[in-house]
Each structure stands twice: as C-alpha cells, then as structure tokens.
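Under the working numbering, the sequence shown is numbered contiguously, ending at residue 431. First comes the structure, then the notes that go with it.
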Amino acid sequence: MAKNELVVVCGREHPLLQSDSLRAATFLGSAAAHADAAPAYAAKTRYRQADAPCRIIRLRDDLLELGFEQPQWAVTPGQSAVLYQGEVCLGVG
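See the structure below:
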C-alpha cells in the first residue's frame, strides 16, 4: 500500500500469500488484557478457518500483534481477526 502497488501471483500456495503475523487495531473484548501472557491462544481471520495457534503482543494500547506458529493464508488489511482461548472468544479486531 505504501508504494500504491497491486501484486498478482499464481497459485494458492505462493509465499506472498502467507503471513506469520498480523496487526489488529480497535480490538473489542478482553484480548488486550491477555497480551504478553503465556497461555495458549488461537485466532481466525476467516469464518470457516481452523483455529490457528498464536501469541499476543501489545504494540500500543490500541494495537496488538498476533504472531502465528504456522503462516496463515491471505491475511488481508481490513478484515477481522477473532481471538480465542480454548472455547472462549476474547475479542475481535
């Protein structure tokens, strides 16, 4: 976005479609309270996606980073990330 470029790639498995982290602003819920804690968390960036194990890092009061154990497919600016601890939804950003 900084360069105002659109990148087009072939194939679902292209490395440019994989992300090992995302930044989430305006998080609703208690996720920010759990930042930098040790328990296991998981996130989804798509409705039917499997839970993806992740860690939470607070970058600012209004900005969290979710770091994934395995790269996630097609994480896109503007979409939501939903954070879970087990069966409990901690929030969305």
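Positions of the beta carbon are idealized from the N, C-alpha and C atoms, including for glycine.
Please state if the CB of residue j and the CB of residue i are separated by a distance shorter than 8 Å.
| i | j | result |
| --- | --- | --- |
| V413 | L354 | no |
| G367 | G429 | yes |
| D400 | T364 | yes |
| Q417 | S357 | no |
| G431 | A362 | yes |
Out of the options, which has the shortest C-alpha to C-alpha gap to residue i?
| i | options | result |
| --- | --- | --- |
| Q423 | R393, E343, V345 and R386 | R393 |
| E425 | P415, A378 and E343 | A378 |
| A340 | A388, T383 and P415 | P415 |
Establish whether the CB of residue i and some CB of chain B are separated by less than 8 Å.
| i | result |
| --- | --- |
| Y422 | The structure shown has no chain B; it contains just one protein chain. |
Please report the Cβ distance between residue i and residue j, rounded to the nearest whole angstrom; I am assuming they are in contact, meaning their Cβ atoms lie under 8 Å.
| i | j | result |
| --- | --- | --- |
| L404 | R396 | At roughly 11 Å, the Cβ-Cβ gap does not stay under 8 Å, so L404 and R396 are not in contact. |
| K382 | V420 | 5 Å |
Could you give the distance in angstroms between the alpha-carbon of residue i and the alpha-carbon of residue j?
| i | j | result |
| --- | --- | --- |
| E407 | P391 | 6 Å |
| E343 | H352 | 18 Å |
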